[in-house]
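K.L.:
One structure, as structure tokens, below. Some questions next.
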Amino acid sequence: MLARRVRSLVVSSMVALLTGCSVSVSSWSLSKSVRSSSRSSDSSSSSSPGAAERAYRDDVSDYTQAYVKSSGGGDLGNFRADLARLAEEHGITNWEENPSTYTAIGEGLAKAGVSSAALTAYKQNLSGGDASKAQLIQQGYDSGR
Amino acid sequence: MRRGIALALAVAGGAFASPPRFVDYLYIEANEGGSSGGHAALRLGDETYHFQHEAPGVLRLRRDGSEHFRYAYGVLENRTMHLSRVAVPDATYAELRQRFSERYLIERKFFAERDALSDDRVLLERLLAHRRGDTEATIRLRGAGFFFPEDGGTSPSAAALTLLRRVKEAYGADAVDRRIEQVRRELMRLTPGSTDSPTPDVPAQGYPQFAYPFSSRYRDLLAALAALEALARALPLRADACRAAVVEALDPVEHRALAAFADRLEEQLVRLLRSERPDWGYPFLVGMARLAALRASERTGRLMLLDAFPPGAEVVPWRALREYRDIVPDLLAEAREELTRARARLRSGVPIEERDYADVEAAANRLLELDAAANGQRDLRVSAELLPSRDAPWAALVLPDVPEDELAVDLARAKTRARRFAAQLERRYAYDLFSHNCVSEIFATVGVSGAGLGGRLDGRKALDFIPFVSARAVDRCWNVAQRTTLWSYRRSQLAEMYRREEPLHVWLRECNTLTSTIYRRNADDSFFLLFTDDAVALRPLFGAVNVAGALGAGAVGFALLPFDRGHLLASSVRGALFSLPELAFVNLRKGSFAYVRRADRPLDESPGAAGTPGERL
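Residue numbers (numbering that gives the first Met the number 0), protein chains in the order written: chain G, 0 to 144; chain X, 0 to 616.
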């Protein structure tokens, strides 16, 4: 029993010597009690106001581009579900009420190269009939071209 | 130096139509354990991408804030970083960032699907048990824990009553009851097998498209049902779900900002009830809970907060925290500082949004938790990210209108799907020391993008898979214009001490773990006596002392085996092993830190660091 325990200690230590690319996660447990690890949080604690917002917009824009390029924009239910998870990483649960969401979607659509006709369809489906949201998507699209 | 001048000339000479952007390749020196091979990362402004070896033997792309990355690796892990900087035009930078970001999003989606398929299995097991009469079968419902299970005998919430009135005004007196019926019908109509293609494929390219998993559909609808029930009955917050922040009372400006935010939140919740989002139940539960906390803040003039720690948050046991009791005041001071920063937005005069409120909520939660642990002598919950998501066991499961034997078949299929998909994913992302590691994947992602960094590199060729060698390859093949060394925490502290004090005295004091004033014994580190990272010539001698010391400690550890569960023995065995390379002039172990006071942290001296110049990490 004791010998097995000692042997497993030696073997696991030797394996540890031969691996890489890891971090000792527990080493910052105490530090997690006062700070977060995300880019948004870095930004919020630095002197660059608006950087957290920029980080959110970048993510939504990149995600929209990737989604639309791969799916051709098919299932918007799936699009919304993944968008919700992404927004939560930025501390946002109600992404529909965040104007940056729509601007970023517009930017992503532009980067994905969607046509004007397709843009109209996206605006209609994602704005839920809210003209101001549709306008934000259009603004993002125009700025992303 | 010559390269630095070249960079300056390139910028001044207009080699770039717009100011150049910078791509930084980071080689991070080794430390003991899983990081003994060193590490590599790519810094793109305030984001740092790196591939990390994680359980169960997969290599995951991680994205950290650059400031945090420097703090975690350079300060806490105490590892020196070597930065090679390439100036690139805007378009190249954007292309590269997009590639890494897309890869990150795709990978995240794959692993979320794996978790969802696993959850399908868990949920179907519960539903089948319920169908077979086991009424004890429950599932944990995210967000429901703010209201459920109900506290007995409390009166309805005034905030919820007002919200309910506004919902009825907007959609009709029976709107909530109708919606409850609608959601119940949808739940009963759900067919677990309707999306069961054999096993979802792991496509080689592009953002993956998977069917909306059964467990997600079910949980989303059940969360909506919980939200509607909480609203219909105007349930108050559970007593343990909301606490007063341990800070001074709100000033009039903050008070007005929070009241205005609460008013807007109320309007938003009315709209959310009619959202096309399939998952509107969870944000509604959180929004309704926050509304109650905000109204309580308005009423009391104090900052009232939801408990924002996630279910199953990591815990630092009280006995471990007690060992660090001398730094608890520093932790509290830093947490207070973070909260003050977040609260500043309440005083800015600009209407706050959810994100601003979430920052205040998170910072105040951290402070409250620390304060409670320190004063109440209890375990400390910690979490890298905080978002209210308190869950509750939910026993009132709505059974889909599917026969029992069909549910059993669906469960068997779900198990197979989950297992096969996980196996596919583990094959796709399997870590390999030589061909699929933190270096090879950075080069592969850069290579695919065709970004104009210089010559193309392949981390699987020759010895380039070793982070240390890869940094030389980068310096040789990419258009590196500037090289910088970002010293580890201990090395930067040492440099400062050498400047201020008698060098021999500093060296004698700081060369060992017993008298060092910089280093403090960290339970994560193996046993060692002498630092060898800054003692090149003496390294083999120091290494021999470390080996001998570790063997001696091992003998003591062996005797203590029945009493300390083998901790000292394990630490000693690891210590001896990680000292062996020192005999051949190779340093791996540098010691690490559980926490470093902000005042002692090095300045963020990375070129182009995002924070305020002169601000500490």
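Ideal Cβ placement from N, Cα and C applies to all residues, glycine included.
Computed from a predicted model, the values in this text were never measured in an experiment.
Considering only C-alpha positions, which residue in the set Gln181(X), Leu537(X) and Glu336(X) is nearest to Leu272(X)?
P.N.:
Cα-wise, what sits closest to Leu272(X) is Gln181(X).
K.L.:
At 8 Å on the CB atoms, spell out the chain G contacts of Glu333(X), in chain order.
P.N.:
Ordered by position in chain G, the residues that pass the 8 Å Cβ test against Glu333(X) are Val33 and Arg34.
K.L.:
Which residues in chain X sit within 8 Å of Ile91(G), going by Cβ to Cβ distance?
P.N.:
Neighbours of Ile91(G) on chain X, chain order: Glu353, Arg354 and Ala357.
K.L.:
DSSP on Gly553(X), reduced to helix/strand/coil?
P.N.:
In the structure shown, Gly553(X) sits in a helix (DSSP, three-state: H, G or I).
K.L.:
Shorter than 8 Å from the beta carbon of Ser115(G) to some beta carbon of chain X?
P.N.:
It does not: the Cβ of Ser115(G) has no partner Cβ on chain X nearer than 8 Å.
K.L.:
Within 10 Å of its beta-carbon, does Ser115(G) have 16 or more other beta-carbons around it, so buried, or fewer, so exposed?
P.N.:
Exposed: under 16 other Cβ atoms inside 10 Å.
K.L.:
Is the Cβ of Ala133(G) closer than 8 Å to any Cβ of chain X?
P.N.:
By this cut-off, Ala133(G) is not an interface position.
K.L.:
Determine, using beta carbons only, whether Pro350(X) and Ala258(X) come nearer to each other than 8 Å.
P.N.:
Against a cut-off of 8 Å, the Cβ pair of Ala258(X) and Pro350(X) comes out as no contact.
K.L.:
Can you check the stretch 245 to 325 of chain X for any beta strand (DSSP E) of at least 3 residues that lies completely inside it and give the ranges in chain order?
P.N.:
Entirely contained in the stretch 245 to 325 of chain X, the beta strand (DSSP E) runs reaching 3 residues are, in chain order, 303 to 305 and 313 to 315.
K.L.:
From the DSSP secondary-structure annotation, give me the bridge partner or partners of Gly64(X).
P.N.:
Paired residue(s): Glu46(X).
K.L.:
Among residues of its own chain, excluding the 5 on either side of Leu75(G), which ones have a beta-carbon nearer than 6 Å to its beta-carbon?
P.N.:
Only Asn124 meet the Cβ criterion.
K.L.:
Run through chain X and tell me which residues come within less than 7 Å of Glu87(G), C-beta to C-beta.
P.N.:
Result: Leu386.
K.L.:
On a Cα-Cα basis, can you pick out the residue from Arg165(X), Leu189(X) and Phe527(X) that is closest to Glu405(X)?
P.N.:
Here the closest residue by C-alpha is Leu189(X).
K.L.:
Could you check where the alpha helix (DSSP H) with Leu220(X) kicks off and where it finishes?
P.N.:
Taken as a continuous stretch (DSSP letters only), the alpha helix (DSSP H) holding Leu220(X) covers Phe213 to Ala231.
K.L.:
Closer than 7 Å between beta carbons: that is the criterion. Which residues of the stretch 316 to 332 of chain X meet it against chain G?
P.N.:
Cβ contacts with chain G: Tyr323 and Leu330.
K.L.:
Check whether the stretch 77 to 85 of chain G touches the stretch 114 to 124 of chain X, counting contact only when three or more Cβ pairs, one atom from each stretch, lie closer than 8 Å.
P.N.:
At 8 Å Cβ cutoff, the stretches do not touch.
K.L.:
Opposite Pro392(X) in the DSSP bridges: which residues?
P.N.:
Pro392(X) is bridged to Arg139(X).
K.L.:
Between which two residues does the alpha helix (DSSP H) carrying Cys20(G) extend?
P.N.:
Here Cys20(G) belongs to no alpha helix (DSSP H), and DSSP marks it neither H nor E.
K.L.:
Are at least three pairs of beta-carbons, each pair with one atom in the stretch 434 to 446 of chain X and one in the stretch 27 to 40 of chain X, less than 8 Å apart?
P.N.:
With the cut-off at 8 Å, the stretch 434 to 446 of chain X and the stretch 27 to 40 of chain X touch.
K.L.:
If we ignore side chains and look at the alpha-carbon of each, how far apart do Ser99(G) and Ser131(G) end up?
P.N.:
Using only the alpha carbons, I get a separation of about 12 Å.
K.L.:
So does the stretch 549 to 563 of chain X actually touch the stretch 292 to 305 of chain X, counting three or more Cβ pairs closer than 8 Å?
P.N.:
Touching, no.
K.L.:
Can you tell me whether His504(X) is buried or exposed, with buried defined as 16 or more other CB within 10 angstroms of its CB?
P.N.:
Classification of His504(X): exposed, given that the 10 Å Cβ count is below 16.
K.L.:
Taking its Cβ as the centre, do 16 or more other Cβ atoms sit within 10 Å of Phe526(X), making it buried, or is it exposed?
P.N.:
Phe526(X) should be labelled buried.
K.L.:
I'd like to check one pair, Ala240(X) with Phe145(X): are the Cβ atoms closer than 8 Å?
P.N.:
Yes, the pair counts as a contact, with Cβ atoms nearer than the cut-off.
K.L.:
To the nearest angstrom, report how far apart Asp200(X) and Pro207(X) are at their CA atoms.
P.N.:
If you take the alpha carbons of Asp200(X) and Pro207(X), they lie about 9 Å apart.
K.L.:
Below 8 Å between beta carbons: does that hold for Tyr497(X) and Phe592(X)?
P.N.:
No.
K.L.:
Using the beta-carbon of each residue, which ones in chain X are nearer than 8 Å to Lys68(G)?
P.N.:
Gly205 and Tyr206, listed in chain order.
K.L.:
Determine the closest residue to Thr63(G) out of Asn93(G), Ile104(G) and Glu95(G), with distance taken between C-alpha atoms.
P.N.:
Among Asn93(G), Ile104(G) and Glu95(G), the Cα nearest to that of Thr63(G) is on Ile104(G).
K.L.:
Closest to Ile465(X) by C-alpha separation, out of Gln481(X), Thr484(X), Val479(X) and Phe442(X), would be which residue?
P.N.:
The shortest Cα separation from Ile465(X) among Gln481(X), Thr484(X), Val479(X) and Phe442(X) belongs to Phe442(X).
K.L.:
For Ala593(X), report the span of its alpha helix (DSSP H) as first-last.
P.N.:
Counting along the chain, Ala593(X) falls outside any alpha helix (DSSP H), and DSSP gives it neither H nor E.
K.L.:
Using the rule of at least 16 other Cβ atoms within 10 Å of the residue's Cβ for burial, across every protein chain shown, is Asn364(X) buried or exposed?
P.N.:
Asn364(X) should be labelled buried.
K.L.:
In angstroms with no decimal places, state the Cα-to-Cα distance between Arg301(X) and His254(X).
P.N.:
The alpha-carbon atoms of Arg301(X) and His254(X) are separated by roughly 9 Å.
K.L.:
In three-state DSSP terms, what is Thr484(X)?
P.N.:
Correct three-state label for Thr484(X): strand.
K.L.:
Give a yes or no on whether the minimum CB-CB distance between Lys589(X) and chain G is below 8 Å.
P.N.:
Chain G, which has no Cβ nearer than 8 Å to the Cβ of Lys589(X), makes this no.
K.L.:
Classify Lys108(X) as buried or exposed, calling it buried when 16 or more other Cβ atoms lie within 10 Å of its own Cβ.
P.N.:
Burial call: buried.
K.L.:
Pair every Cβ in the stretch 395 to 403 of chain X with every Cβ in the stretch 420 to 432 of chain X, then say whether three or more of these pairs are closer than 8 Å.
P.N.:
No, the stretch 395 to 403 of chain X is not in contact with the stretch 420 to 432 of chain X.
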